[in-house]
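In the working numbering, the protein residues as written are 463 to 630.
Each remark here refers to the structure printed beneath this line.
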């Protein structure tokens, strides 16, 4: 009997037989086989859709956001350059904010002769689950130089109010 290697001694294995290598060499296998790709011409291959086809499907992109907190507010920032205010919809609940919009494509003067085409055009949406409840009545949204800033005041759970009892 051959001496075990350090790996075999540590793992308690018995050599190549533990791995089913003998079976593999004989055509059988205890391993899952990787499916082979079909030969060219045996199956119809679907070409990647053209950019115009993708646009027609109207897939919504996801808006990139920064979310942070101050002692009194939760702040959401997003770049919305090129989006008109009337094409922007912001929905707020006490624990969630959804931003939807559409960036219109302006193609005048391009003739479709692009060297690079990396900008996102079309619908976008983003839902942010807030880390704590906010006062939706006092929320503010502003835009400057294409940067949307949403300021959401946190619910003050420690706030107390005195209630006077009225007598009839």
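Just so you know, even glycine gets a beta-carbon here, dropped at the ideal spot from N, CA and C.
| Asked | Found |
| --- | --- |
| Cβ-based burial, residue 563 [other Cβ within 10 Å; buried from 16] | buried |
| Other residues of its chain near residue 530: CB distance less than 7 Å, five sequence neighbours each side excluded | 537 |
| Separation of residue 583 from residue 603, as counted between CA atoms | 23 Å |
| Nearest to residue 556 (by Cα), restricted to the options 590, 585, 545 and 598 | 598 |
| Residues bridged to residue 523 (per DSSP) | 586 |
| Spatial neighbours of residue 587 in its chain, beta-carbon cut-off 6 Å, leaving aside the 5 residues before and after | 522 and 562 |
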